[in-house]
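Here is the structure we will look at, set down as structure tokens.
Chains as they are written, first to last, in our numbering: chain X, 336 to 694; chain D, 10 to 569.
Below, the structure written as structure tokens:
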């Protein structure tokens with residue numbers, strides 16, 4: 336049985352459905368990220384797990400114990416640690432007292448409190464700052480205090496609500512790895528909320544993508560990137576080209592679909608051939624880095640199209656091109672040694688293995 | 010730094026020097042004079058602290074301050090929590106209602122309480138009629154009555170500052186405590202309350218210092234062993250007795266020093282502990298809870314009780330205003346408009362003076378306040394921080410200090426006190442910070458890039474001010490104007506020292522009618538009239554300035 340079971344969670348604010356019957360199982364020791372644009376219900380879901388929000392329907396079961404259906408378990412009784420988006424480090428308490436707060440409530444002996452706080456501060460890199468007030472710390476340091484406070488009680492569940500969104504880009508990137516290794520080392524079951532897809536990719540064992548209160552797809556970062564469930568996911572995770580077209584042929588054995596696009600016939604992969612039918616209007620999706628570029632057309636290749644370079648940007652390790660293929664603009668991440676300039680022609684190979692059909 | 014800014018700065022400094030520093034220095038010099046000689050020394054202060062009577066006034070004032078603070082805190086804390094945290098209907102109206110005492114002068118409230126709770130007041134007469142008591146109970150004359158009326162008058166300061174504190178706390182700070190395992194009461198004690206302490210202190214200082222500045226209410230309640238009241242009596246009635254006069258002046262100086270000292274100490278403490286400014290991404294609404302039926306019911310009951318107390322004052326004053334000789338009867342028996350006839354027909358001078366002086370003071374206030382606000386927020390003129398500091402200090406300065414020092418400074422040398430202009434002038438100085446801080450706050454909210462965009466487009470600084478800044482500041486300025494006017498209109502502690510025959514204002518009229526004795530009807534009618542005028546002004550502010558809350562809180566650093 337999963338360690339955290341979110342069952343059919345439903346929450347309305349006024350007339351707006353914030354969370355629409357979301358169910359999700361999270362295994363012990365797993366880091367699951369709730370990812371989605373703002374207003375998708377990810378924070379509300381997290382706050383329901385914490386007990387800071389009460390769902391209208393559904394339940395959250397932590398370690399076999401229902402949190403709502405058999406009497407409301409208040410946040411203070413759930414044994415969770417939480418890192419808030421704005422850190423919520425108490426400004427009137429010193430770093431030490433911030434971290435020790437929960438331990439004091441648990442009536443842990445003084446000596447042990449001291450030892451545990453010192454240890455956890457060391458592990459987040461704040462050793463020696465115990466006597467400081469939060470106002471004397473940088474944003475990054477305050478963030479670490481919040482993390483230390485959440486970790487010090489060895490909670491069963493760690494909840495992180497966009498913990499890095501207030502940090503600058505460089506620090507954010509480093510903290511992703513730090514948080515991940517720290518949480519993994521303590522083997523804590525964690526739910527992480529973010530709207531930053533790169534952050535989600537780095538930190539998660541699995542990603543749950545949400546949109547407008549609905550759970551859209553759950554999977555490992557690789558699954559989500561390579562097999563997006565729909566256009567929303569493909570667009571939200573990374574960048575991609577959508578080429579509209581009509582299904583002309585379906586090859587169920589090889590899981591291939593032939594698509595009539597504006598500029599010609601494209602052969603695409605389909606993960607579930609049952610979801611398409613002939614003459615259906617669908618989209619082919621291919622990522623910019625998956626498109627192969629040729630200066631002269633190679634022989635015997637299907638899915639080969641001629642296009643004109645509209646924009647060309649040099650980004651160091653690669654080129655970013657916008658290529659016009661018969662009035663359809665296609666983004667391409669091309670090798671940096673391609674010399675062609677704007678207005679010149681190229682041949683694009685849309686590998687049928689990489690080009691996928693999405694509704 | 011432009012020459013224009015320097016020029017403005019010099020003029021503002023000149024005004025400040027002439028009308029604030031010059032007279033106040035007189036006060037200090039006078040307090041150091043040794044009676045009967047031409048020498049200066051600390052003799053007066055030594056005498057003051059050696060004399061058991063004056064020492065007693067000193068401790069009494071301190072005691073009164075502490076009692077008023079405790080009372081307002083005990084009653085204000087639950088009220089502030091209810092207003093800030095519970096989702097209740099009618100909260101807005103109630104908030105407006107409990108603000109009433111701030112703008113109602115405390116001395117006007119004192120009359121109402123005498124009518125109601127005095128020895129021959131309504132409550133005593135009713136109790137005696139019913140045979141519950143045989144002799145009247147002394148409800149209000151003395152320290153306890155004084156604590157009651159001052160606490161009622163000052164309650165809004167505590168409620169407003171605390172509820173602003175409760176609202177301003179980032180909800181996640183309390184949620185974090187909840188997640189960490191802290192239950193309701195523990196969370197309140199360890200997180201909520203400490204985080205509110207700067208807000209509380211800001212209100213508490215005003216409350217605590219009030220007894221050091223209010224001399225009239227104690228006198229009405231028959232208490233005179235307090236610093237400001239003793240000072241008033243000594244200076245106003247015993248100016249020929251050199252010793253008593255000097256003791257009075259020393260009382261004024263000591264009151265002023267305490268006020269300024271505590272004000273500065275609390276200000277620096279609050280600035281060091283700006284908790285609410287630290288957290289990011291606070292929600293506007295704060296943490297609002299849907300109360301359960303029991304809490305809801307008791308909240309409404311509590312609000313109702315306070316509401317009744319607050320409304321007592323205008324209602325009783327209204328009743329006495331429309332009745333003749335409401336004495337020795339529990340309720341008025343004879344209704345009449347005579348009192349108002351007297352005010353409007355026989356002494357319209359009072360009204361005319363009140364409006365005229367307040368208006369002129371207001372003009373002074375704007376002409377001084379706008380450039381000062383501009384200088385303080387938008388320029389780097391040297392000395393502007395000192396300018397700001399001195400003006401802010403005036404918030405804490407007792408009115409009696411301004412009155413006495415004007416009396417001392419503007420008789421000889423610069424004989425301004427012989428001309429009626431001294432009245433609006435002293436009102437202006439007394440309420441100097443009110444308009445300025447409102448304009449100042451509006452200026453801080455005005456994004457400087459809006460002005461810069463105008464200058465980049467080719468407009469001069471002056472043109473930018475009139476075309477861009479002024480229209481955008483207008484709302485804040487207007488609220489500042491009306492608040493200034495209200496405060497000037499009800500001012501008495503300064504004016505009482507300076508008025509001469511023909512310069513009486515409405516508050517002075519109230520005082521004189523009470524002082525002559527048994528003219529309660531007229532005094533009550535005047536007080537009622539003043540309340541009505543002030544209330545109308547306040548309604549205008551509330552309509553234009555957004556919430557009435559921000560309006561009445563005005564300059565003292567609330568949320569707008």
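Just so it is clear, CB atoms sit at the ideal spot from N, CA and C, and this is done for glycine as well.
Bounds of any alpha helix (DSSP H) do not take in residue 547(X), whose DSSP letter is neither H nor E.
The C-beta of residue 452(D) has 16 or more other C-beta atoms within 10 Å across all chains shown, which makes the residue buried.
Pairing residue 411(X) with residue 386(X), the inter-Cα distance amounts to about 9 angstroms. Here residue 533(D) is buried. Its C-beta has 16 or more other C-beta atoms within 10 Å. Of all residues in the stretch 199–220 of chain D, those with a C-beta nearer than 8 angstroms to a C-beta of chain X are 199, 200, 203, 204, 206, reading in chain order.
Less than 9 angstroms divides the Cβ of residue 88(D) from the Cβ of residue 311(D). In this structure, the alpha-carbon of residue 546(X) lies about 12 angstroms from that of residue 566(X).
Check the Cα spacing between residue 416(D) and each of 106(D), 254(D), 239(D): the tightest is with 254(D). By the criterion of a C-beta distance shorter than 6 angstroms, residue 346(X) is surrounded in its chain by 353, 354, 379, 390, 391, once the five residues flanking it on both sides are discounted. In this structure, the beta-carbon distance from residue 219(D) to residue 74(D) falls below 9 angstroms.
Secondary-structure assignment with DSSP links residue 340(X) through a beta bridge to 360(X), 396(X).
Residue 420(D) and residue 480(D) have their C-alpha atoms spaced approximately 42 angstroms apart.
For residue 190(D), a Cβ of chain X is located within less than 9 angstroms of the residue's own Cβ. Across the structure, residue 136(D) and residue 142(D) are spaced so that their CA atoms are roughly 6 angstroms apart. By the neighbour-count criterion, in which a residue is buried when 16 or more other Cβ atoms sit within 10 angstroms of its Cβ, residue 223(D) is buried. From the listed residues 234(D), 252(D), 402(D), 512(D), the smallest Cα separation to residue 67(D) is found for 234(D). Interface flag for residue 464(D) against chain X is unset, since no Cβ pair is found closer than 9 angstroms.
If only complete runs of 3 or more residues are kept, the stretch 619–645 of chain X shows the beta strand (DSSP E) at 627–629, in order along the chain.
Within chain X, the residues 421, 423 have their CB atoms less than 8 angstroms from the CB of residue 179(D), given in chain order. For residue 387(X), the residues of chain D that pass the 8 angstroms Cβ criterion are 184, 187, 188, in the order they occur in the chain. Here the C-alpha atom of residue 404(D) lies approximately 22 angstroms from the C-alpha atom of residue 514(D).
Under DSSP, residue 584(X) shares a beta bridge with 593(X).
Our two residues, residue 550(X) and residue 456(X), have alpha carbons roughly 36 angstroms apart in a direct line. Ranked by how close their Cα comes to the Cα of residue 299(D), the residues 537(D), 11(D), 522(D), 97(D) have 97(D) in first place. Nearest CB-CB separation between residue 195(D) and chain X: below the 9 angstroms threshold. Using a CB distance cut-off of 9 angstroms, residue 350(X) does not count as an interface residue toward chain D. Under the 10 Å beta carbon count, residue 499(D) is surrounded by 16 or more other beta carbons and is classified as buried. Rounded to the nearest angstrom, the gap between the Cα atoms of residue 547(D) and residue 491(D) is 8 angstroms.
Around residue 410(X), the beta-carbon contacts reaching into chain D at under 8 angstroms are 184, 187, 188. Per the DSSP secondary-structure output, residue 496(X) pairs in a beta bridge with 528(X). Inside the stretch 445–497 of chain X, DSSP marks whole alpha helix (DSSP H) runs of 4 or more residues at positions 445–458, 474–486, from first to last along the chain.
Cβ atoms of residue 596(X) and residue 690(X) stay farther apart than 8 angstroms, at about 11 angstroms. Counting along the chain, no beta strand (DSSP E) covers residue 454(D); the unbroken alpha helix (DSSP H) around it starts and ends at 441–454.
A contact between stretches requires three or more CB pairs, one per stretch, nearer than 8 angstroms, and the stretch 392–404 of chain D fails this requirement with the stretch 457–464 of chain D. For the options 329(D), 241(D), 524(D), 381(D), the alpha carbon positioned closest to that of residue 125(D) is the one of 329(D). Classified as exposed, residue 645(X) has fewer than 16 neighbouring CB atoms from the shown chains inside 10 Å of its CB.
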